[in-house]
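Under this note's numbering, the letters of the sequence shown match residues 178 to 259, in that order.
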Amino acid sequence: MAQLVTRVDEALILEVDELVARGAASSRSDLVRMGLERIIDEYRRQKAGEQIAEAYRQSPKTVAELSGLGTATRALIEEEPW
Numbered sequence: 178m179a180q181l182v183t184r185v186d187e188a189l190i191l192e193v194d195e196l197v198a199r200g201a202a203s204s205r206s207d208l209v210r211m212g213l214e215r216i217i218d219e220y221r222r223q224k225a226g227e228q229i230a231e232a233y234r235q236s237p238k239t240v241a242e243l244s245g246l247g248t249a250t251r252a253l254i255e256e257e258p259w
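#1: Can you tell which of Thr183, Leu208, Ala179 has the C-alpha that lies nearest to the C-alpha of Glu192?
#2: Apart from the five residues on each side of it in sequence, which residues of its chain come closer than 8 Å, Cβ to Cβ, to Val185?
#3: Once DSSP output is grouped into helix, strand and coil, what is the label at Asp186?
#4: Do Ala188 and Leu196 have their CB atoms nearer than 8 Å?
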């Protein structure tokens, strides 16, 4: 496994240590690794969403494809137990 060396300010390391003490991660390294994985995952999801939105912009739905969506949406909402 590769190593990553970085510097952080004292306030941030105190927050990291607090999270480790509370059991959010087993170590500082584990917490940093989790944070990096989360950032990368969020970035990938954002890019995928942008690509999907762009595809819809390039090939928008037709009126025929969109007809009935309001009725279907209301039916789904009415099924919810709230």
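Note that beta-carbon positions come from the ideal geometry of N, C-alpha and C, so glycine has one too.
Given the structure is predicted, the values throughout are model-derived calculations rather than measurements.
Let me spell this out:
#1: In terms of CA proximity to Glu192, Leu208 leads the group Thr183, Leu208, Ala179.
#2: Spatial neighbours of Val185 in its own chain (CB-CB distance under 8 Å, excluding positions within 5 residues in sequence) are listed in chain order as Val193.
#3: Looking at Asp186 - three-state DSSP - the assignment turns out to be coil, as it is neither helix nor strand.
#4: Going by C-beta atoms, Ala188 is not nearer than 8 Å to Leu196.
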